[in-house]
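In this note's numbering, the protein residues as written are 1 to 402.
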């Protein structure tokens, strides 16, 4: 497997948004520019601005006669994100319109998956089930549709149906993280704990080591010092982001942005290490390894937590392999004896119940500066507030099929 860092970006999303907004002001009739601006605004959680950009200002409803498929989907995302009274219905209408404008099975499936999302929020569960099933018929690889339908089936207690659904999707060529996540939860709900653990197989697939510093640094401590200084002034630094597992955290959404030579050196070193780890697994027969792409693109972000910051239970739905590198860790975490500041792997008790989560087990890992961890993207994990005055700074990443 060949793994390469994603292409470097000259501008952060905020900087690019300002430039595209200026371009839209000079050329308001360009649908392509407006769509690009809408997507950037959504990325920056500026949902009100997206809605204003893509709706008729006099009535506050979609200008359906002028919006294309992409704009309808961006508008639905903005209404889902804003989530004020009436917004779910508006998002549903936008997704319905997008379906009529779809020109490919993948587009139609995405619109149907958004309809299913809205219908679930509106407690129209039977209708949601129908839309999500249809979405997967058009595109068996639709990850959000897989997750939403699996969640709905688990809500009704039909874990066997989740196993059957994921078996069918796998037979059609799907092997993404959401499919494996759904199977783990379903097996756990059926008290088939050993089968659930085998899907992530931590003993064989999880890897951790102290990273060897990239060329030019005498040791990993000197490298981390340079990395932390670079991250502190990164152009993409922002506080929190909608739709992530992070709570009360600072983030950098795309590490290789602007003048970031130290970050790029880190990503190159991570890619090399991940390639070696994957090569060492090549002789193992496992569905996750069978779904391994020939080429991978390493996509990274940074999470900076102060004393109360933490990550909720989550997995990384778009990656094949994921990981984390710790650049700075408070001394009280490194030498501590409780869970503060640590990362834990397991299954969310809110989805399978406390007893089953306890049977599945929770593996606690204590971070230290220079520690690199690799794990399957479908591995559920969380972190705990560290309570220290010093920040914990880590670089997280996914390896996407390229």
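We put the CB at the ideal spot given by N, CA and C, even for glycine.
These numbers come from a predicted model, not from an experiment.
So what's residue i in DSSP terms, helix, strand or just coil?
| i | result |
| --- | --- |
| residue 69 | helix |
| residue 163 | helix |
| residue 405 | For the chain, the structure presents residues 1 to 402; residue 405 sits outside this window and is missing. |
| residue 44 | coil |
| residue 247 | strand |
| residue 215 | coil |
| residue 372 | strand |
| residue 28 | coil |
Just the C-alpha distance for residue i and residue j, rounded to the nearest angstrom, thanks.
| i | j | result |
| --- | --- | --- |
| residue 384 | residue 73 | 35 Å |
| residue 328 | residue 116 | 41 Å |
| residue 92 | residue 119 | 7 Å |
| residue 167 | residue 140 | 11 Å |
| residue 97 | residue 90 | 11 Å |
| residue 84 | residue 113 | 20 Å |
| residue 203 | residue 196 | 14 Å |
| residue 275 | residue 209 | 14 Å |
| residue 138 | residue 193 | 32 Å |
| residue 347 | residue 42 | 30 Å |
| residue 254 | residue 45 | 16 Å |
| residue 303 | residue 256 | 14 Å |
| residue 278 | residue 213 | 20 Å |
| residue 39 | residue 283 | 42 Å |
| residue 134 | residue 142 | 11 Å |
| residue 180 | residue 401 | 16 Å |
| residue 332 | residue 159 | 42 Å |
Which first and last residues belong to the beta strand (DSSP E) in which residue i is found?
| i | result |
| --- | --- |
| residue 368 | Looking at the DSSP string, residue 368 is not in any beta strand (DSSP E), and its letter there is neither H nor E. |
| residue 184 | Counting along the chain, residue 184 falls outside any beta strand (DSSP E), though it belongs to the alpha helix (DSSP H) covering 177-189. |
| residue 4 | 2-5 |
When DSSP builds the beta bridges, which residues end up paired with residue i?
| i | result |
| --- | --- |
| residue 344 | 364 and 382 |
| residue 237 | 252 |
| residue 395 | 302 and 325 |
| residue 401 | 296 |
Which first and last residues belong to the alpha helix (DSSP H) in which residue i is found?
| i | result |
| --- | --- |
| residue 407 | In the structure as shown, the chain begins at 1 and stops at 402. Residue 407 is therefore absent and cannot be evaluated. |
| residue 390 | Counting along the chain, residue 390 falls outside any alpha helix (DSSP H), and DSSP gives it neither H nor E. |
| residue 224 | 220-232 |
| residue 158 | Residue 158 -> no alpha helix (DSSP H), and no H or E assigned at all. |
| residue 196 | 193-200 |
| residue 351 | 349-352 |
Does the ligand FMN have even one heavy atom less than 7 Å from the beta-carbon of residue i?
| i | result |
| --- | --- |
| residue 114 | With respect to small molecules bound, the structure shown includes none, and the ligand FMN cannot be examined in it. |
Which runs of the alpha helix (DSSP H) at least 4 residues long sit entirely within the segment 293-344? Give them in chain order. 331-334
4-residue-minimum alpha helix (DSSP H) runs that sit fully inside the segment 79-137, ordered along the chain: If only complete runs of 4 or more residues are kept, the segment 79-137 shows the alpha helix (DSSP H) at 87-101 and 105-121, in order along the chain.
In chain order, what are the residue ranges of uninterrupted alpha helix (DSSP H) at least 4 long that sit wholly in the segment 256-283? 261-280
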